[in-house]
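Asker: Attaching a single structure in structure tokens format; questions to follow.
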Amino acid sequence: MSGFTEPSQPLMSVKKEIKEEEFDDFLQEYLSAIQTVEEKPGMECEIKTEMYTSPTMKEEKNSPMEITDEEEFDLSEYGHYASSPTGDIQRIQSNMKGNTEEKRNKDRCHNQSNQSHLTVRMMKHTGEKPVQCSQCGETINYISSLKEPQRIHTGERPYQCSQCEKTFSHMSQLRTHQRIHTGEKPHQCSQCGKAFRQMSHLKIHQGIHTGAKPHQRSQCGKAFKQMCDLKTHQKIHTGEKPHQCSQCGKAFVQMCDLKKHQMIHTGEKPHQCSQCGKAFSQMCSLKTHQMIHTGEKPHQCSQCGKAFRQMSHLMIHQRIHTGERPYHCSQCGKAFQQMGNLKKHQKIHTGEKPHQCSLCGKTFSLMCNLKKHQKIHTGEKPHQCSLCGKTFSRMSHLKTHQRIHTGEKPHHCSQCGKTFSLMCNLTTHQKIHTGEKPHQCSQCGKTFSRMCSLKKHQKIHTGEKPYQCSQCGKAFNQMSNLKSHQRIHSNDVLPC
């Protein structure tokens, strides 16, 4: 206020019309408002200011200084005021009328917008959906919400990512997608600190801490954290597999499973291990593989303490303790702990042996058995016993051999208590108690408790003698007979 000059002659004429004290109060408030606008240039133009009015001023209806408390005026219009306060007052009065009308229009639109939002919110509570899509019949609670669902039918994707050019039908989907590029994860779990790009993912994650599984199947009683998981599970009961491979015709319950399967045909393996260079078609497979390098086994059995890299392997292992065998052969009724073992077994009934050895022509029902067989031709024995140095072509053979040194016989017969180092030996032994001899010779009808015994017997009919002495050339139908013969050459003949 120090820079304010002495009032001019027009100001003096106005000052005579009202009391000097009232004018000074008005002028001080007027200049204070102007100073506020100069100090804050970014503030809103419309500022609600209560002007001082005296009873005398209220009585003067035609006074140019008549300003009511409820009205708003724009002080930015007179930020650089003229030398005549009378002109300023008239300009204020003119701006007040224009701004008041503009404000009324804004308020009217704002009230209508608020009313529409309130109506939509009320419909969410009542469940009312008066707007219907003409193509699929889906109902929506507001007309503006109908535009986005209709893009499903039209295929329109107007929102494009500027970085990777991926397109979306909804702006919200584009915003969520852009967080992949920015790495933004605004939604954080208050319990463990894990962050997520979407609020929906955080809510799903929080179900781990609460253990809540609100979505339950009425048929089997199984419960799920998410409705989408329940819907996927229901297809197991219905047998529905809507997603089919165009190349081989194999069908899948989920689209994600089909996409994974299609990589078999394309040979695509985009996920590579940084340590050994091995590539995988799926990221989850790479993460599991990396645990081999780190030695990490996070999933531990609560009963025996054995640890596993994958939860699925732990669940299969736990069936040893529970005795659960959920997979049954439809032809013979035999039950298995794993689906893979059932599929292997079913090839016995079909006789299918698609895997053939290129060297000897022998066929196998499983690729793993072919690979094991091929080591006979190569002589490869990569697995060595650390105690005696003996080598084996298979790890399972080494483990079985090591029980000779440890004396371990973990498999017990429930009827006689006899113990065995191998489960297959226990299974064979139990047939003594049951009298079961399921393997029959097609030529003479003789039955055997073991398949290997039947194969030995069949060599009598075929005359096959595959085991030949390297010193004298004599041939035998069994390895045990050859070993007995070789003692003649070594002078290590057993007494009769």
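Okay, so the sequence shown: first residue is 31 according to our numbering, each after it adds one.
For each residue, glycine too, the CB sits at the ideal point set by N, CA and C.
As the structure is a prediction and not an experimental result, all values here were calculated from the model.
#1: In three-state terms, what does DSSP make of Q470?
#2: Here's the rule I'm using: 16 or more other beta-carbon atoms within 10 Å means buried, otherwise exposed. How should Q367 be labelled?
#3: Looking at the secondary structure, which residues open and close the alpha helix (DSSP H) in which H491 lies?
#4: What distance in whole Å lies between the Cβ atoms of S199 and R181, which are believed to be in contact at a cut-off of 8 Å?
#5: Report yes or no: do three or more beta-carbon pairs, one from the stretch 383-391 and one from the stretch 351-369, lie closer than 8 Å?
#6: Compute the Euclidean distance between the alpha carbons of K224 and Q218, then round it to the nearest angstrom.
#7: In the DSSP assignment, find the unbroken alpha helix (DSSP H) run with G237 in it and report its ends.
#8: Apply the 10 Å Cβ neighbour rule to S395 and answer buried if 16 or more other Cβ atoms are within range, or exposed otherwise.
#9: Nearest CA to the CA of Q277: which residue from M293, T262 and G269?
#10: Tell me which same chain residues have a C-beta within less than 8 Å of the C-beta of L487, skipping the five on either side of it?
#11: Would you kindly work out how many angstroms separate the C-alpha atoms of K401 and L288, rounded to a whole number?
#12: From Q193 to E410, what distance separates their C-alpha atoms?
#13: Terminal residues of the continuous alpha helix (DSSP H) containing N521?
#14: Within this structure, are the beta carbons of S315 and H301 separated by less than 9 Å?
#15: Rounded to the nearest angstrom, what separates G269 and T464 at their Cα positions?
#16: Can you tell me which residues form a DSSP beta bridge with T477?
#17: Could you tell me the distance, in whole angstroms, from the CA atom of R517 to the CA atom of M509?
#18: Should the stretch 347-357 be regarded as contacting the stretch 330-337, the criterion being three or more beta carbon pairs within less than 8 Å?
#19: Does the Cβ of S202 have 16 or more other Cβ atoms within 10 Å, making it buried, or fewer, making it exposed?
#20: Roughly how many whole angstroms lie between the Cα atoms of S248 and H435?
#21: With DSSP as the reference, label Q386 as helix, strand or coil.
#22: Would you call the CB atoms of L556 and C443 closer than 9 Å?
#23: So for H200, helix, strand or coil by DSSP?
#24: Using only the alpha-carbon positions, how far apart do F439 and Q236 sit?
#25: Return the chain-ordered list of same chain residues with a C-beta closer than 8 Å to the C-beta of K243, the five sequence neighbours on each side being excluded.
#26: For S423, count neighbouring Cβ atoms within 10 angstroms of its own Cβ and tell me buried if that reaches 16, exposed if not.
#27: Report yes if the C-beta of C275 is less than 8 Å from at least one heavy atom of the ligand ADP; otherwise report no.
#28: I need the boundaries of the alpha helix (DSSP H) containing S527, first residue and last residue.
#29: In angstroms with no decimal places, state the Cα-to-Cα distance between G279 and M285.
#30: May I ask you to report which of helix, strand or coil DSSP gives K513?
#31: In terms of DSSP beta bridges, what is Q162 paired with?
#32: Taking the alpha-carbon positions, what's the H519 to Y497 distance?
#33: Return the chain-ordered list of same chain residues with a C-beta closer than 7 Å to the C-beta of E494, the five sequence neighbours on each side being excluded.
#34: Name the DSSP bridge partner or partners of T184?
#35: Could you compute how far the alpha carbon of P85 sits from the alpha carbon of P216?
Answerer: The short version:
#1: strand
#2: buried
#3: M481 to T492
#4: 4 Å
#5: no
#6: 6 Å
#7: M229 to T240
#8: buried
#9: M293
#10: A small correction: the amino acid at residue 487 is His; Leu does not occupy that position in the sequence shown. Excluding residues within five positions, the ones whose Cβ falls inside 8 Å are C471, K476 and F478.
#11: 28 Å
#12: 52 Å
#13: First-last for N521: undefined, no H or E at that position.
#14: A Cβ-Cβ contact shorter than 9 Å links S315 with H301.
#15: 39 Å
#16: Q470
#17: 13 Å
#18: yes
#19: exposed
#20: Looking at the two C-alpha atoms, the distance is approximately 54 Å.
#21: strand
#22: For the chain, the structure presents residues 31 to 526; residue 556 sits outside this window and is missing.
#23: coil
#24: Contrary to the premise, residue 439 reads as Lys rather than Phe in this sequence. Cα-Cα distance, rounded: 46 Å.
#25: Within the same chain, and ignoring the five residues on either side of K243 in sequence, the residues whose Cβ sits closer than 8 Å to its Cβ are G237, A253, F254 and K255.
#26: Buried.
#27: This structure lacks the ligand ADP; in fact it carries no ligand of any kind.
#28: Limits of the chain in this structure are 31 at one end and 526 at the other, which puts residue 527 out of reach.
#29: Taken atom to atom, the span from the alpha-carbon of G279 to that of M285 is near 14 Å.
#30: helix
#31: Paired residue(s): T169.
#32: Distance between the alpha carbons of H519 and Y497 is about 16 Å.
#33: N507
#34: Bridge partners of T184: none, in fact.
#35: For P85, the pLDDT reaches just 41, beneath the cut-off of 50, and the residue's location in the model is therefore unreliable, leaving the point undetermined.
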